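Under the numbering used here, residues 40 to 172 are what the sequence shown spells out, in order.
The beta carbon of each residue, even a glycine, is placed where N, CA and C say it ideally should be.
All of these numbers come straight from a predicted model, not from anything done at the bench.
Each remark here refers to the structure printed beneath this line.
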Amino acid sequence: MPPAADNKLKRSFQKRDRLKSSVEIEDLYRENQFIVSYPLKCYYSFSDRKEKSSILQVAFAVPKKKFKHAIDRNTLKRRMRESYRLNYQTMFESIINQNEKQLKFFIIYIGNEILNYACIDKALKEALFFFIN
40 MPPAADNKLK
50 RSFQKRDRLK
60 SSVEIEDLYR
70 ENQFIVSYPL
80 KCYYSFSDRK
90 EKSSILQVAF
100 AVPKKKFKHA
110 IDRNTLKRRM
120 RESYRLNYQT
130 MFESIINQNE
140 KQLKFFIIYI
150 GNEILNYACI
160 DKALKEALFF
170 FIN
């Protein structure tokens with residue numbers, strides 16, 4: 040890919056964009072704002088942006104109760120992360136227009152079976168569409 044195109048389409052999921060704090064994840068649950076786009080459930084919250092923090096932070100989870108094998112949970116999380124990584128840019132551009140706001144969200148896989156990437160991508164796009172408008 041030429042260097043100019045590389046700068047235009049920055050599609051990466053960096054460490055600073057990951058929501059890692061268990062306290063912040065619990066706060067998302069407590070606020071109880073969520074969107075369901077089967078097979079995904081997205082908890083979200085808008086807050087004031089801190090100086091060095093990222094505009095978007097996200098975490099992914101697959102329940103151990105439904106998927107006993109780690110390989111299944113990891114496969115689903117990998118598919119969700121990849122879908123997010125590819126659709127991140129449109130989301131980022133819409134959030135940046137809101138002055139000094141930060142969006143945190145936590146995406147949980149609520150389906151009972153392992154779906155292919157296309158189904159997960161479609162569901163994630165539907166969930167992200169909520170934030171774009």
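Do you know how far the Cα of residue j is from the Cα of residue i?
{"i": "residue 129", "j": "residue 164", "result": "10 Å"}
{"i": "residue 51", "j": "residue 83", "result": "21 Å"}
{"i": "residue 161", "j": "residue 167", "result": "10 Å"}
{"i": "residue 64", "j": "residue 106", "result": "21 Å"}
{"i": "residue 122", "j": "residue 53", "result": "14 Å"}
{"i": "residue 90", "j": "residue 108", "result": "40 Å"}
{"i": "residue 116", "j": "residue 171", "result": "23 Å"}
Just to check my reading of the structure: residue i and residue j have Cβ atoms closer than 8 Å, yes? What is that Cβ distance to the nearest angstrom?
{"i": "residue 58", "j": "residue 143", "result": "6 Å"}
Going by Cα to Cα distance, which pick from the options is closest to residue i?
{"i": "residue 56", "options": "62, 92 and 86", "result": "92"}
{"i": "residue 156", "options": "94, 85, 108 and 78", "result": "78"}
{"i": "residue 113", "options": "97, 94, 153 and 81", "result": "153"}
{"i": "residue 169", "options": "110, 97, 73 and 69", "result": "73"}
{"i": "residue 80", "options": "61, 119, 125 and 126", "result": "119"}
{"i": "residue 158", "options": "76, 66, 62 and 88", "result": "76"}
{"i": "residue 61", "options": "124, 97, 110 and 111", "result": "97"}
Quick one: what's got a C-beta closer than 8 Å to residue i's C-beta in the same chain, skipping five residues either side?
{"i": "residue 131", "result": "94 and 95"}
Return the chain-ordered list of same chain residues with a C-beta closer than 6 Å to the C-beta of residue i, the five sequence neighbours on each side being excluded.
{"i": "residue 40", "result": "For residue 40, the pLDDT reaches just 38, beneath the cut-off of 50, and the residue's location in the model is therefore unreliable, leaving the point undetermined."}
If I measure Cβ to Cβ from residue i and keep anything under 7 Å in the same chain, skipping five residues before and after, which residues do I get?
{"i": "residue 71", "result": "none"}
{"i": "residue 190", "result": "Only positions 40 to 172 of the chain appear in this structure, which leaves residue 190 out of reach."}
The segment 88-106 in contact with the segment 137-150 per 3-pair CB rule at 8 Å | yes
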